[in-house]
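What follows is a short report on a single structure.
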Amino acid sequence: DAMVIQNPRYQVTQFGKPVTLSCSQTLNHNVMYWYQQKSSQAPKLLFHYYDKDFNNEADTPDNFQSRRPNTSFCFLDIRSPGLGDAAMYLCATSNQGADDGYTFGSGTRLTVV
Amino acid sequence: QKEVEQNSGPLSVPEGAIASLNCTYSDRGSQSFFWYRQYSGKSPELIMFIYSNGDKEDGRFTAQLNKASQYVSLLIRDSQPSDSATYLCAVNPGGFKTIFGAGTRLFVKA
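Here the protein sequences come in this chain order: A and B.
Going by this note's numbering, the first sequence opens with residue 8, and the numbers climb by one from there.
Going by this note's numbering, the second sequence opens with residue 2, and the numbers climb by one from there.
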């Protein structure tokens, strides 16, 4: 089945230690997104790629970076995680625009200790 | 600031009843509207989308859109305990970005 896969499902990292979250998709969708969702809050868009075109949200901290080496894969890098970065990180895809909604991966739950 | 507002709940309904979930949005130019279901600790799952004023039905779910009032709702008929989840309203104001509400927690009592 076509899907969006995130790894790992749970990630524990130390304060200040760089961490990378990965996302892959078999849907061949043009657009890939990274959202951050904290407990009982709305998912917040960090950035998205339309093909290789990177689009950063104005309020996304510099501590967050992303790479998309090919259509199928996208990575979220957190250069120096702080306690406030503990959250669920959601990867989503869409075909062309977002008119038909997103397909989400299972998410990565990040804990910072 | 473009916003999507939802009552956080919890909304509690008995099994078999109709659950009614509501959402308002601030960007009058928004064109696409979505409802996602999110079980605790899981990622959101798209259950409905609607573009035009009026009702759209899919099984036990009906989405309703009123652009003049900037209001979107989701009705769940014959509610089941398995419908217990958080329901996220989401709006695409144009382009690639979708803005989510914080969700309404629904609890269906058996």
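Where a beta carbon is used, it is the ideal one built from N, C-alpha and C, also for glycine.
At which residue ranges does the region 23 to 47 of chain A contain complete beta strand (DSSP E) runs of 3 or more residues, listed in the order of the chain?
26 to 32, 38 to 44
Measuring CB atoms only, is the region 4 to 17 of chain B touching the region 89 to 106 of chain A, in the sense that at least three cross pairs come out at less than 8 Å?
no
Ordered list of beta strand (DSSP E) runs contained in the region 58 to 110 of chain B, each at least 3 residues
62 to 67, 72 to 77, 86 to 93, 105 to 110
Cβ of R38/B within 8 Å of any heavy atom in the ligand GTP?
Within the structure as shown, the ligand GTP is missing, as the structure has no ligands at all.
Does any CB atom of chain A fall closer than 9 Å to the CB of P45/B?
Closer than 9 Å: yes.
DSSP on G55/B, reduced to helix/strand/coil?
strand
Hey, would you say I100/B sits closer than 9 Å to A91/B, going by beta carbons?
yes
Are the region 58 to 77 of chain B and the region 86 to 102 of chain A in contact at 8 Å, needing three or more beta carbon pairs?
no
Residues of chain A with CB under 7 Å from F101/B, in chain order?
For F101/B, the C-beta contacts it makes with chain A under 7 Å involve A49, P50, in order along the chain.
From the DSSP output, in three-state form, read off D66/A for me.
When DSSP states are grouped into helix, strand and coil, D66/A belongs to the coil group.
Along the region 102 to 120 of chain A, where does the CB come closer than 7 Å to a CB of chain B? Name the residues.
G104, A105, D106, D107, G108, Y109, F111, G112, S113, G114
Assess contact between the region 69 to 84 of chain A and the region 27 to 41 of chain A, defined as three or more Cβ pairs (one per stretch) separated by less than 8 Å. Is contact present?
yes
Is the beta carbon of H36/A sitting closer than 9 Å to the one on N102/A?
yes
Could you tell me whether any Cβ in chain A is nearer than 9 Å to the Cβ of D91/B?
In the sequence as displayed, the identity of residue 91/B is Ala instead of Asp. Yes - at least one Cβ of chain A is within 9 Å of the one on A91/B.
Within 10 angstroms of the Cβ of M16/A, are there 16 or more other Cβ atoms? Answer buried if so, exposed if not.
Reading the sequence as shown, one finds Arg at residue 16/A and not Met. Flag for R16/A reads exposed.
For M95/A, decide whether its Cβ has a neighbour in chain B, counting only Cβ atoms nearer than 9 Å.
Under the Cβ distance rule, M95/A counts among the residues neighbouring chain B, one pair being separated by less than 9 Å.
Looking at the unbroken beta strand (DSSP E) that takes in D92/A, where does it start and where does it end?
From DSSP, D92/A is part of no beta strand (DSSP E); its letter is neither H nor E.
Within its chain, find whatever has a CB closer than 6 Å to the CB of T63/B; leave out the 5 residues flanking it on each side and keep chain order.
Excluding five sequence positions before and after T63/B, the CB atoms of its chain that fall closer than 6 Å to its own CB belong to D56, L76, given in chain order.
Looking at G91/A: is its Cβ nearer than 9 Å to the Cβ of I12/A?
no
Residue closest to G30/B, alpha-carbon to alpha-carbon, out of N93/B, K43/B, F50/B, L89/B:
N93/B
Check distances from the C-beta atoms of the region 49 to 61 of chain B to those of chain A and list, in chain order, the residues that come in under 7 Å.
Residues passing the 7 Å Cβ filter: F50.
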